[in-house]
Amino acid sequence: MFHFSGFNMMFPEGRNFHATYKCFSVSMLPGNERSDVEKGGKIIMPPSALDTLTRLNVEYPMLFKLTNGKKSRSSHAGVLEFVADEGKCYLPYWMMDNLLLVEGDILNIESVSLPVATFSKFQPHSTDFLDITNPKAVLENALRNFACLTKGDVIAIKYNKKVYELCVLETKPGNAVSIIECDMNVEFEAPVGYKDHSETQASGSGQQGAAGAAGGEVAGATNAILEEVVETFKGSGVRLDGKKKKESQLETPVVKKVLARGVPDYDFQFGLIRFDRNIRPISDRGKEDGAAAGNADGSDPESFHGTGFSMKKTRK
Numbered sequence: 338m339f340h341f342s343g344f345n346m347m348f349p350e351g352r353n354f355h356a357t358y359k360c361f362s363v364s365m366l367p368g369n370e371r372s373d374v375e376k377g378g379k380i381i382m383p384p385s386a387l388d389t390l391t392r393l394n395v396e397y398p399m400l401f402k403l404t405n406g407k408k409s410r411s412s413h414a415g416v417l418e419f420v421a422d423e424g425k426c427y428l429p430y431w432m433m434d435n436l437l438l439v440e441g442d443i444l445n446i447e448s449v450s451l452p453v454a455t456f457s458k459f460q461p462h463s464t465d466f467l468d469i470t471n472p473k474a475v476l477e478n479a480l481r482n483f484a485c486l487t488k489g490d491v492i493a494i495k496y497n498k499k500v501y502e503l504c505v506l507e508t509k510p511g512n513a514v515s516i517i518e519c520d521m522n523v524e525f526e527a528p529v530g531y532k533d534h535s536e537t538q539a540s541g542s543g544q545q546g547a548a549g550a551a552g553g554e555v556a557g558a559t560n561a562i563l564e565e566v567v568e569t570f571k572g573s574g575v576r577l578d579g580k581k582k583k584e585s586q587l588e589t590p591v592v593k594k595v596l597a598r599g600v601p602d603y604d605f606q607f608g609l610i611r612f613d614r615n616i617r618p619i620s621d622r623g624k625e626d627g628a629a630a631g632n633a634d635g636s637d638p639e640s641f642h643g644t645g646f647s648m649k650k651t652r653k
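Residues are numbered in our numbering as their position in the sequence shown, beginning at 1, plus a constant of 337.
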């Protein structure tokens with residue numbers, strides 16, 4: 338209460354703001370596309386709401402409870418701007434989905450005061466969330482665009498051009514908390530559809546135990562290093578002149594190399610490349626190749642009709 342020129346002037350304090358608007362998704366907002374609204378948990382209200390909130394001396398930060406009376410669904414949000422048309426408000430699509438709202442539905446908005454968050458627990462709706470290297474850092478960065486969290490809501494965050502949905506399983510110290518300038522501990526529940534790795538190992542060990550009971554040798558072999566046989570060449574060769582190969586060349590031995598899987602080659606010499614090929618020296622196969630090139634009647638066709646020259650002249 339203030340005294341001015343003999344009059345007592347009283348300003349209201351602690352009064353709640355309450356209004357009803359037609360709600361629309363951000364995509365219906367006139368002007369340029371507002372992707373920043375979709376990334377967070379704040380709404381856009383008309384300018385008249387700001388005027389009323391100022392006169393009511395509403396506690397800052399401004400937090401609101403959103404209620405869909407027809408479906409008995411409620412959530413909480415902050416306010417981003419007061420630029421909506423009168424009688425309208427604009428919400429992120431994920432928030433409209435939580436409240437079971439469609440374009441043009443009636444939404445009740447009232448101002449509330451929420452406790453500061455100390456703990457929250459989230460459950461991703463997809464196992465793709467496990468592919469993120471540091472999920473806590475990604476979530477922390479995304480929550481900067483949020484003002485509050487409500488237990489049971491499914492929030493949407495965007496990372497690397499992909500949208501991830503997370504369910505708010507638990508919040509402390511209440512079912513709805515403010516996350517503005519707070520120190521909040523975050524935990525993650527296993528994603529929906531995720532099978533625990535320990536259960537997979539347990540089922541696998543049970544199958545190995547059954548196989549070991551059938552035979553002791555098989556059980557002992559499970560401790561050995563897995564090996565694989567690498568065949569350097571699996572095809573067959575043909576001659577360029579179309580003739581049949583010699584009998585000695587019909588069954589060329591295939592070089593097989595047994596490699597221990599997962600064990601490095603400790604004898605490897607840096608800078609040395611080895612090719613596993615069964616090739617005879619040229620000096621040993623000169624005569625055989627010459628005989629093989631002959632005709633079936635034994636004649637030797639001339640494969641070269643020219644003469645050779647030496648680039649270096651010999652002295653007489």
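Think of the CB as a built atom: it goes at the ideal place given N, C-alpha and C, for glycine as much as any other residue.
Original post:
Which stretch, first to last residue, makes up the alpha helix (DSSP H) that contains GLU375?
Top reply: Counting from 1 along the sequence shown, the entry for residue 375 is found at position 38. Per DSSP, GLU375 belongs to the alpha helix (DSSP H) from 372–375.
Original post:
From this set, ASP373, SER412, LEU436 and SER385, which residue's C-alpha is nearest ASN512's C-alpha?
Top reply: To locate residue 512, count along the sequence shown from 1; it is residue 175. Of ASP373, SER412, LEU436 and SER385, the residue nearest in Cα terms is SER412.
Subject >> Cβ distance (whole Å) where LEU451 is taken to contact CYS485 below 8 Å >> reply: The residue labelled residue 451 in the question sits at position 114 within the sequence shown. The residue labelled residue 485 in the question sits at position 148 within the sequence shown. About 6 Å separates the two Cβ atoms, so the contact holds.
Original post:
Measuring CA to CA, which of GLU477, VAL514 and SER515 is closest to PHE525?
Top reply: In the sequence shown, residue 525 corresponds to position 188, counting from 1. Nearest option by C-alpha distance: GLU477.
Original post:
Is LEU444 near LEU438, with beta carbons less than 8 Å apart?
Top reply: Here the question's residue 444 lines up with position 107 in the sequence shown. Here the question's residue 438 lines up with position 101 in the sequence shown. Yes; because the gap between Cβ atoms is below 8 Å, this pair is in contact.
Original post:
Under a three-way DSSP split, which group does ARG576 fall into?
Top reply: On the sequence shown, residue 576 is found 239 positions in, with the first residue counted as 1. Of the three classes helix, strand and coil, the one that applies to ARG576 here is coil, per DSSP.
Original post:
Does the distance from the C-beta atom of SER362 to that of LEU428 stay below 8 Å?
Top reply: If you number the sequence shown from 1, residue 362 lands on position 25. If you number the sequence shown from 1, residue 428 lands on position 91. Yes, they are a contact pair.
Original post:
Where does ASN482 sit, in a helix, a strand or coil, going by DSSP?
Top reply: For the purposes of this step, residue 482 is taken as the residue at position 145 of the sequence shown. Helix at ASN482.
Original post:
Helix, strand or coil: how does DSSP classify ARG392 here?
Top reply: As a working note, residue 392 is residue 55 in the sequence shown. If DSSP states are grouped into helix, strand and coil, ARG392 belongs with the helices.
Original post:
Which residues bound the beta strand (DSSP E) around TYR427?
Top reply: One-based indexing of the sequence shown puts residue 427 at position 90. TYR427 -> beta strand (DSSP E) spans 425–428.
Original post:
What number of angstroms, rounded off, separates the C-alpha of ASN394 from the C-alpha of ARG352?
Top reply: Residue numbering aside, residue 394 sits at position 57 when the sequence shown is read from its first letter. Residue numbering aside, residue 352 sits at position 15 when the sequence shown is read from its first letter. Computed Cα separation, rounded: 8 Å.
Original post:
Alpha carbon to alpha carbon, what distance is there between SER457 and ILE516?
Top reply: The residue labelled residue 516 in the question sits at position 179 within the sequence shown. The residue labelled residue 457 in the question sits at position 120 within the sequence shown. So the two alpha carbons sit approximately 10 Å from each other.
Original post:
On the premise that GLN460 lies in contact with LEU400, defined as a C-beta separation below 8 Å, what is that separation, rounded to the nearest angstrom?
Top reply: Indexing the sequence shown from 1 puts residue 400 at position 63. Indexing the sequence shown from 1 puts residue 460 at position 123. In fact, because the Cβ distance is near 24 Å, the residues do not count as touching under 8 Å.
Original post:
Is the CB-CB distance between THR464 and PRO384 below 8 Å?
Top reply: Mapped onto the sequence shown, residue 464 falls at position 127. Mapped onto the sequence shown, residue 384 falls at position 47. No, the pair does not count as a contact, with Cβ atoms beyond the cut-off.
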